[in-house]
Structures are given as structure tokens and as C-alpha cells.
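Below: the structure, in C-alpha cells.
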Amino acid sequence: MTHIGYLIAGWGISLGAIGLYAVSLIRRGKVLAARVPAENRRWITSK
Amino acid sequence: MPIATVEPSTTAQEAVGTSSRLTKILGFACLAGLAVLFLLAFVLTDPDERVDEATNIVTGQFDAVRLLYVHFPVAIVTYTAFLLNAVGSIMVLWKKSTWWDITAAASAEVGVLFCGLTLVTGSIWGRPIWNTWWEWGDVRLMTTTILFLIFVGYLAYRRTMTDSQVRAKRSAVVGLVGAINIPIVYKSVEWWENRTLHQQSTLADLAVEDLTLFAMIFGMVVFLGVYAWLLIHRFRIGWLEHQAETTGLEQAIAERRAQAPDAIRNAVTQARSSEPETGVHQ
Numbered sequence: 009m010t011h012i013g014y015l016i017a018g019w020g021i022s023l024g025a026i027g028l029y030a031v032s033l034i035r036r037g038k039v040l041a042a043r044v045p046a047e048n049r050r051w052i053t054s055k
Numbered sequence: 085m086p087i088a089t090v091e092p093s094t095t096a097q098e099a100v101g102t103s104s105r106l107t108k109i110l111g112f113a114c115l116a117g118l119a120v121l122f123l124l125a126f127v128l129t130d131p132d133e134r135v136d137e138a139t140n141i142v143t144g145q146f147d148a149v150r151l152l153y154v155h156f157p158v159a160i161v162t163y164t165a166f167l168l169n170a171v172g173s174i175m176v177l178w179k180k181s182t183w184w185d186i187t188a189a190a191s192a193e194v195g196v197l198f199c200g201l202t203l204v205t206g207s208i209w210g211r212p213i214w215n216t217w218w219e220w221g222d223v224r225l226m227t228t229t230i231l232f233l234i235f236v237g238y239l240a241y242r243r244t245m246t247d248s249q250v251r252a253k254r255s256a257v258v259g260l261v262g263a264i265n266i267p268i269v270y271k272s273v274e275w276w277e278n279r280t281l282h283q284q285s286t287l288a289d290l291a292v293e294d295l296t297l298f299a300m301i302f303g304m305v306v307f308l309g310v311y312a313w314l315l316i317h318r319f320r321i322g323w324l325e326h327q328a329e330t331t332g333l334e335q336a337i338a339e340r341r342a343q344a345p346d347a348i349r350n351a352v353t354q355a356r357s358s359e360p361e362t363g364v365h366q
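Chains as they are written, first to last, in our numbering: chain A, 9 to 55; chain B, 85 to 366.
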């Protein structure tokens with residue numbers, strides 16, 4: 009296979025960045041949800 | 085209009101976090117999709133090789149073409165994310181909707197991530213194919229960079245304002261200004277065809293092999309699913325932030341009232357009792 013370094017870099021950076029962002033979102037969500045009363049967590053409604 | 089019409093179960097609401105059954109299913113589907121895409125990109129599709137029959141010289145992108153299975157989908161997600169931001173911005177200005185403001189901001193943040201990845205993967209692909217990491221004269225590269233910077237500015241601008249209504253209105257205007265750039269980025273290779281290294285659209289003309297075309301479209305669907313997952317989670321964080329802000333403000337007011345010295349409270353009570361019966365303040 010040619011260009012193996014470029015392939016690892018391109019795919020690695022993309023999947024790594026998305027993965028890290030996803031983990032950070034889950035962590036931020038957990039911290040915030042603990043600060044908001046359960047009755048105010050109804051986030052799927054339009055307002 | 086809600087992102088998802090599925091009402092979260094009581095268990096999901098009580099759970100600490102932004103996950104729900106919907107996002108878990110979507111998340112697993114995306115992981116499975118990424119695995120299949122990986123298989124398509126690295127095992128099932130062939131490298132790009134073309135043999136010149138006259139000279140017998142082999143040309144093409146070789147295995148570097150496998151980078152396009154990630155570069156193309158993230159570019160499509162970038163357009164989608166910023167277009168949703170534009171829709172949200174219009175709705176904010178029209179309906180003054182908090183829901184749309186949070187959606188627009190969430191989409192912009194995810195869009196910035198994907199726009200950054202579009203630039204990075206394009207640069208990595210460009211090095212072996214164009215023999216350069218970066219080309220300042222390339223009109224698509226420059227318009228995409230401007231798009232990226234506008235939305236980085238959009239996110240930074242939002243952080244400078246504390247009043248949620250002012251923030252919503254002003255950032256909606258910035259979002260709409262940024263959205264003007266989307267069709268320019270898309271059409272740039274046609275409008276300035278002599279000032280770009282990018283090729284014109286080959287997918288629209290179906291000028292690629294069947295499996296390559298399938299892998300590209302499949303990749304687009306998978307990354308759009310990833311975008312949806314990230315967007316829902318980011319939206320829910322925005323919603324929680326909004327609720328925490330509102331709850332925090334109400335609590336602060338209540339605490340300040342409770343902390344008021346007795347003397348002030350007595351003075352207020354006295355002043356109220358001495359008011360004329362009509363209740364009109366002098």
C-alpha cells in the first residue's frame with residue numbers, strides 16, 4: 009500500500025478528533041445535568 | 085420544531101447525562117457504519133491507478149485516494165451543519181426562538197469541527213497528489229478557510245455576550261453572513277476554474293467507478309449520522325446550559341433577597357404601610 013503515513017494521519021486525525029469531541033460532549037453533559045433539576049431537563053421540546 | 089420527536093423515558097430523564105435510547109441506537113449504528121466504511125475504503129475498493137497504453141506508464145492517486153472517503157463526507161457535513169445554522173439563525177430572527185438559537189449554535193460548533201477536518205484531510209491528501217500541503221491561490225481552499233474562520237468567530241462572539249436575547253440576535257446575523265459563503269465555496273471550482281487545483285464535481289456526473297461511488301455516498305451517510313449524534317448531544321448541552329443559567333439567576337435573586345439586612349426589610353415594610361391606600365407612589 010502506498011501513502012500509508014498520509015492515510016494513517018488523515019483517518020487518524022479525523023476519527024480521533026471526532027472521538028475526543030464526542031467524549032467531551034458526554035462529560036460536559038454529565039456535569040451539567042447534575043446541576044439542573046430533573047424537571048428542567050426536558051430538552052426535547054420546542055420553546 | 086424538535087430535533088427528535090421521541091419523548092425521553094422517565095429513566096432517560098432521570099439519568100445523569102445527555103444520552104437517551106435514541107442517541108445510543110444512533111451511536112451504535114454510526115460505529116457499525118464507520119467499521120463498514122473502513123472496510124470499503126481499505127479492503128474492498130481498489131487504489132486509483134491508470135495505465136497509459138501508449139507509454140505504459142501508470143498514473144493516478146494510488147492509495148491516497150482512500151483519503152477521499154473521509155475528506156468528501158466531512159466536507160458534506162460541513163455544508164449541512166452551516167446550512168442548519170443558517171436556518172436556525174433565520175428562525176431566531178423571525179420567531180425569537182431559544183430552541184432554534186441553541187440548535188444554530190450547536191450546529192455551528194459541530195460544523196467548525198468538521199470544517200477543520202475538511203481542511204486538514206484535504207491538506208494531507210494534497211501533499212502526495214499536488215505536492216503541496218497548502219496552496220494560497222486555490223480558491224476553494226481559501227473560501228473554505230474563510231468559512232472556517234467566520235464560524236470560529238461566530239463561536240467566539242457568542243462567548244462575549246451574557247444577555248441571551250442579545251446573543252441570540254447578534255449571532256444569528258453573524259451566522260447568516262457566514263452562510264453566504266457556503267454557495268461560494270461550493271461553486272468556486274466552477275466560477276474560478278482556472279484558479280483552483282480542485283477538480284469539478286465528478287460525483288454529480290457519476291464519473292467514478294461504482295464501488296468508489298458507493299463508498300463515497302455510504303461515507304456521506306455515515307458521517308451525517310455522526311453529525312446528527314453530535315448535534316443532538318451538543319443541543320442538549322446547550323439546553324442544559326440555558327436551564328442552568330435561568331435556574332442560577334433565579335437562585336441568585338432569591339439569595340440576595342434572603343441576605344437583605346433586617347433594617348432594609350423593615351424600612352421597605354414601613355414604607356409600604358405608609359403608602360396611600362390608592363397605592364400610587366409619590
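Where is the CB? At the ideal position from N, CA and C, for every residue including glycine.
Residue environment for Ile316(B): buried (at least 16 other C-beta atoms within 10 angstroms of its C-beta). If you look at Val269(B), you'll find it in the alpha helix (DSSP H) that goes Asn265 to Trp275.
By the C-beta density criterion, Phe235(B) is buried, having at least 16 other C-beta atoms within 10 angstroms. Separation of Thr202(B) and Val158(B) (C-alpha to C-alpha, rounded to the nearest whole angstrom) is 6 Å.
For Gly37(A), a Cβ of chain B is located within less than 8 Å of the residue's own Cβ. Fully enclosed alpha helix (DSSP H) runs of no fewer than 4 residues occupy 346-357 of the segment 314-358 of chain B, in order along the chain. Counting along the chain, the unbroken beta strand (DSSP E) around Asp132(B) starts and ends at Asp132 to Val135.
Chain-ordered, the chain A residues with CB closer than 7 Å to the CB of Pro212(B) read His11 and Tyr14. Runs of the alpha helix (DSSP H) spanning 4 or more residues and lying entirely within the segment 236-264 of chain B occur at 248-263, in chain order. Within the model, the alpha-carbon separation for Thr143(B) versus Leu33(A) is close to 44 Å.
With respect to the 8 Å criterion, Leu225(B) and Ser191(B) are not classified as neighbours on the basis of their beta carbons. Not a single CB atom of chain A sits nearer than 8 Å to the CB of Phe156(B). When only Cα atoms are considered, Trp209(B) and Ile301(B) end up about 19 Å apart.
By the Cβ-count criterion, Ser272(B) is buried, with 16 or more other Cβ atoms from all chains shown falling within 10 Å of its own Cβ. DSSP places Gly144(B) within a strand segment (E or B) once states are collapsed to three.
Ser255(B) places its beta carbon less than 8 Å from that of Tyr241(B). What Val44(A) touches in chain B, judged by beta-carbon distance under 8 Å, is Leu324, Gln327, Ala328 and Thr331, going in chain order. Following the DSSP letters along the chain, one finds Arg49(A) in no alpha helix (DSSP H), marked with neither H nor E.
By the rule that beta-carbons nearer than 8 Å mark a contact, His317(B) touches chain A. At least one CB atom of chain B sits nearer than 8 Å to the CB of Gly18(A).
Across the segment 189-210 of chain B, CB contacts with chain A closer than 7 Å involve Leu197, Leu201, Val204, Thr205, Ile208 and Trp209, in sequence order along the chain.
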